[in-house]
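Heads up, the sequence shown stops at 337 in this note's numbering, and the numbers go up one at a time, no gaps. Take a look at the structure below.
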Amino acid sequence: WFPTSGEDDTTQADIDRVIIEQFGGLLNRAERGELDSWGELNPRAATALVVLLDQFSRHVYRHEGRVQIEENDKVALRITYEVLKRGW
Numbered sequence: 250w251f252p253t254s255g256e257d258d259t260t261q262a263d264i265d266r267v268i269i270e271q272f273g274g275l276l277n278r279a280e281r282g283e284l285d286s287w288g289e290l291n292p293r294a295a296t297a298l299v300v301l302l303d304q305f306s307r308h309v310y311r312h313e314g315r316v317q318i319e320e321n322d323k324v325a326l327r328i329t330y331e332v333l334k335r336g337w
């Protein structure tokens, strides 16, 4: 997900497009709170939710969604604190 220069023709825009296509719908569900239970299931599910909200938001909203990125960061941070509190 980090393109390297010179290795191939992959660009950041290509990577963004793949993430939007494969995970955009799932990110929207997470933003609506439909995946909140993932944060309580187990460490792996909670980590997946944090990556979805924190990292994939940056690809989906790279050019126009700073506010949504910040909102998703707040949720991801809350989940992270809960994971740490549980000792996962």
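Heads up, the beta-carbon is just placed ideally off N, CA and C, and yes, glycines get one too. These figures come from a predicted structure and were not determined experimentally.
Residue i and residue j: beta carbons closer than 8 Å?
i	j	result
A325	L302	yes
F305	I264	no
Could you tell me if residue i is buried or exposed, where buried requires 16 or more neighbouring beta carbons within 10 angstroms of its beta carbon?
i	result
L333	exposed
N321	buried
A262	exposed
G288	buried
Contact check, residue i vs residue j under 8 Å by CB: the rounded distance?
i	j	result
V299	T329	6 Å
W337	A295	7 Å
Worksheet entry | Cβ pair count under 8 Å reaching 3, the stretch 304 to 317 against the stretch 269 to 277 | yes
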